[in-house]
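Below is one structure, written out as structure tokens; the observations come after it.
Have a look at this one:
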């Protein structure tokens with residue numbers, strides 16, 4: 253599917269309950285959605301063979317990228333997800349940037365694979381951020397992230413190491429079975445954690 257066609261589909265005014273059904277499409281060329289107001293979209297199972305940029309984009313409705321394959325780099329820096337952002341079992345082949353991203357619903361990355369660096373620096377999540385079973389092959393940076401709905405990273409693997417020292421966790425913190433650079437992820441690795449911790 254051509255990038256211009258996708259931009260046109262997502263530029264329609266958002267209406268509650270409506271969304272663009274773009275499941276399992278293949279996007280062979282770079283897709284730039286930066287700075288745009290976007291309607292709801294379901295990209296579940298989609299394959300992006302080229303970079304996807306959505307820097308500063310505003311996703312007004314459905315924002316599903318479940319099982320999507322990102323073969324180029326992705327940049328959601330400073331983007332706003334007004335509803336739940338679903339990236340469970342997504343595959344990020346290169347750098348995944350969520351620097352300053354605002355998640356107003358949940359941020360779900362359960363079972364996702366990050367083969368390159370994952371940048372969540374200064375991200376803000378009002379709902380729960382879930383990384384259950386996610387695998388980070390490269391470094392994962394959560395510097396100054398504020399996770400207001402807690403962090404669930406049971407069985408997550410941060411093989412390239414994870415930086416949580418300046419992150420703030422408001423709510424439940426689940427680190428059971430999580431490992432960072434081959435060692436058990438210690439709750440003491442987190443800057444501030446308010447609420448119950450499960451180890």
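Numbering (the numbering used here), first residue to last: 253 to 451.
No residue lacks a Cβ here, since even glycine has one placed at the ideal position from N, Cα and C.
Which listed residue (the options) has its alpha carbon closest to that of residue i
i	options	result
residue 444	419, 434, 425	419
residue 296	306, 350, 331, 277	277
residue 335	314, 342, 289, 320	314
residue 404	333, 371, 320, 429	429
residue 358	333, 343, 374	333
residue 350	370, 356, 338	370
Distance, residue j Cα to residue i Cα
i	j	result
residue 292	residue 312	6 Å
residue 365	residue 345	8 Å
residue 256	residue 413	38 Å
residue 322	residue 301	7 Å
residue 385	residue 270	31 Å
residue 298	residue 306	16 Å
residue 354	residue 361	15 Å
residue 426	residue 331	26 Å
residue 265	residue 288	12 Å
residue 393	residue 380	18 Å
residue 279	residue 408	29 Å
residue 441	residue 338	26 Å
residue 434	residue 260	45 Å
residue 421	residue 439	11 Å
residue 348	residue 378	20 Å
CB of residue i within 9 Å of CB of residue j, strictly
i	j	result
residue 410	residue 397	no
residue 272	residue 262	yes
residue 368	residue 390	yes
residue 290	residue 310	yes
residue 324	residue 282	yes
residue 319	residue 340	yes
Residues that residue i bridges to, as DSSP identifies them
i	result
residue 360	338, 382
residue 414	392
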